[in-house]
Amino acid sequence: VGLVIVCDLEPAEFYCETLKAKGLSSSLEPDS
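Every position in the sequence shown, counted from 1, becomes a number in this note's numbering once 1094 is added.
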């Protein structure tokens, strides 16, 4: 299962930390 969220950097960092806190892996990839 995968999930892609497209948003600004600040909320992206929040989502990343929240997912990691729940034991899920997440990564930030800048839009190119």
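All C-beta atoms in this analysis are idealised placements derived from N, C-alpha and C, irrespective of residue type, glycine included.
- S1126 and G1117 have their alpha carbons spaced roughly 28 angstroms apart.
- Secondary structure at L1122: coil, using DSSP grouped into helix, strand and coil.
- Assignment of K1114 by DSSP, reduced to helix, strand and coil, places it in the helix class.
- Here the C-alpha atom of L1097 lies approximately 11 angstroms from the C-alpha atom of L1113.
- Shown here, L1097 sits in coil according to DSSP, grouped into three states, outside any helix or strand.
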